Amino acid sequence: FGAALSKTHTPGVRDTFTQSVNANLFNNGQHSVDANAFKSQNTLANGFKFDRNGAGLEYSNINGHGASITKSTIPNFGSQLELAGKANLWSSPDRNTRIDLTGSGSKWTSGPLSGQRDYFGGVGLTHMFG
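In structure tokens form, the structure reads like this:
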């Protein structure tokens, strides 16, 4: 079980304050399933403010592969469903350096953007120092 508070400032774009909790539902050393819930307060550069809250499930395995599903809502605006995945393409022998393929897709399920879909894909390089 865990909880976190985070504040993000992106100059000229947005400020976000997020509160989140997570809990491990299953872990056998090879596979893990976690649940999470979050609430965020967002302020855009033009002063527009909105909240966003949601919850999700995340699966991961020891080889660096994973998937998640998240349902989020912006009160008085609409709801969005997101699916995301990650596949480890390569890891160094000490597993400190890796290359991952990531992808996600989301769909607004209600509100003025209902039916709109967004997709993302990428390849990332991660190195853990220390």
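Numbering (my numbering), first residue to last: -11 to 118. All C-beta atoms in this analysis are idealised placements derived from N, C-alpha and C, irrespective of residue type, glycine included. These figures come from a predicted structure and were not determined experimentally.
- In the DSSP annotation of this structure, the continuous segment of the beta strand (DSSP E) that includes G109 starts and ends at 105 to 115.
- Nearest to S102 by C-alpha distance, out of W78, Q68, A(-9), is Q68.
- By the neighbour-count definition (other C-beta atoms within 10 Å, threshold 16), G44 is a buried residue.
- Taken through DSSP and simplified to helix, strand or coil, I50 comes out as coil.
- In the DSSP assignment, G0 falls outside any beta strand (DSSP E), carrying neither H nor E.
- For I57, the number of other beta carbons within 10 angstroms of its own is below 16, and it is reported as exposed.
- Taking all protein chains shown into account, I62 has 16 or more neighbouring C-beta atoms within 10 Å of its C-beta and is therefore buried.
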